[in-house]
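> Numbering-wise, the sequence shown is residues 1 to 328 according to the UniProt record's numbering. Where a beta carbon is used, it is the ideal one built from N, C-alpha and C, also for glycine.
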Amino acid sequence: MDEMRFFEAVRQSAAQEAMALSGAYLLHGEEEYSKEQAVRQAAALPAEAARALNVQRLDAPAAADVQAACETLPFFDRCRVVVVRDLPAPEEAALAAYAPAVPETALLLVVQRGAAAKTSPLFKALAPERAVEFPRCDEARAAAFLKKRAASRGVSLPPAAARRLIAMVGTDLAALESALFLTADYVGPGGAVTEEALARCVTPDVEYRVFDLLALLLAGDRRRGYAMLHGMLQSGESALGLASFLEGRVRQMLSARQLLASGMTEAAAARALGGSPYAAKKTVQAARRADDAWLRRAVQAFAGVDAQVKQGLLRERDALLLAVYRTF
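1) Give the DSSP bridge partners of serine 156, in chain order.
2) For glycine 29, count the other beta carbons within 10 Å of its own beta carbon; 16 or more makes it buried, fewer makes it exposed. Which is it?
3) Examine the Cβ distances between the stretch 106–123 and the stretch 142–151 and report whether three or more of them are shorter than 8 angstroms.
4) Going by DSSP, what residues sit across from glycine 220 in a beta bridge?
5) Going by C-alpha to C-alpha distance, which of Ala256, Val39, Gly312 sits closest to glycine 275?
6) Which value, in whole angstroms, describes the spacing of the CA atoms of glutamine 56 and arginine 130?
7) Buried or exposed for proline 88, please, with buried defined as at least 16 other CB atoms from any protein chain shown within 10 angstroms of its CB.
8) If you draw a straight line from the alpha carbon of phenylalanine 134 to that of glutamate 32, how long is it in whole angstroms?
9) Pick from Leu45, Leu108, Leu242, Leu240: whose alpha carbon is nearest that of aspartate 77?
10) If you follow the beta strand (DSSP E) that glutamate 133 is part of, which residue opens it and which one closes it?
11) Using 8 angstroms as the Cβ pair cut-off and three pairs as the minimum, do the stretch 232–249 and the stretch 203–215 touch?
12) Are the CB atoms of valine 110 and valine 81 within a distance shorter than 8 angstroms?
13) Please report the Cβ distance between valine 102 and glycine 23, rounded to the nearest whole angstrom; I am assuming they are in contact, meaning their Cβ atoms lie under 8 angstroms.
14) For leucine 26 versus alanine 116, is the C-beta distance shorter than 8 angstroms?
15) Short of 7 angstroms in beta carbon distance, which residues of its chain neighbour alanine 20, apart from the five on each side in sequence? Order them along the chain.
Okay, structure coming up:
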């Protein structure tokens, strides 16, 4: 079952006397915000008067404790909700054996962080419609989410600012909401969350900052580029992580060069690269101004940082700085 069908089943259960949901469900996937919203809405299904008695939350439980919770009859209500988190691996097989037998008077939600392995005992024990996946958001869905959340805070969010926020933070909905609300508080009710306001309020994720770093260096602004790199290292960013990001970005530029050489337009090449449209567009634009031979040398330089460290030739920070100085 996909997440939208699950949310619809929760809504139907809330609106009708008969429960549209019962038995065991596995909630998994990379989008944690939506998953938590699903748990919250499902946990609100029992009547408020006896909800404290009919909602049970178990962290790292034994399978026997989960079974006992599910077999307990609801207190003057149509169902009870049992939420399980951090199920210990040794208990999964036992719970998988019991899961198909969860009574109709119980709604068991086994919440797993990240995506479940399709070979896991619990995943295989449940019917396909009982494994509810919450996949990572794409940018279109993230933008729609931001529009709704901005309206809920009484601020406007122009499409360009929404795209910039997604480029800065990524598509994780919890991170997007946090950044949006922080900026909404800054602009105040009735204000507009502009790109300028985002620049003042939001700390971009490391990949976005690497993108800005590379833009400075490619533009020949070594003073600001080197200062930014030193600042990132001093703030605790991993030198090996930065080298990996730089290598990946330069590889993308090399791929973009090859796409452009095949006759693609910039727009088509950006679509072919995939990922963030904003980042892909900037990558293609930068690639057009670069040289194939230089890009290959840059890839080798950043790929060699890890090898130099493992061979004991240089410390992580020194290896990264040397690669940057030699490349730019």
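By the coordinates alone:
1) Ala192
2) buried
3) no
4) DSSP lists no partner for glycine 220.
5) Ala256
6) 20 angstroms
7) exposed
8) 7 angstroms
9) Leu45
10) 131–133
11) yes
12) no
13) 5 angstroms
14) yes
15) Ala9, Gln12, Ser13
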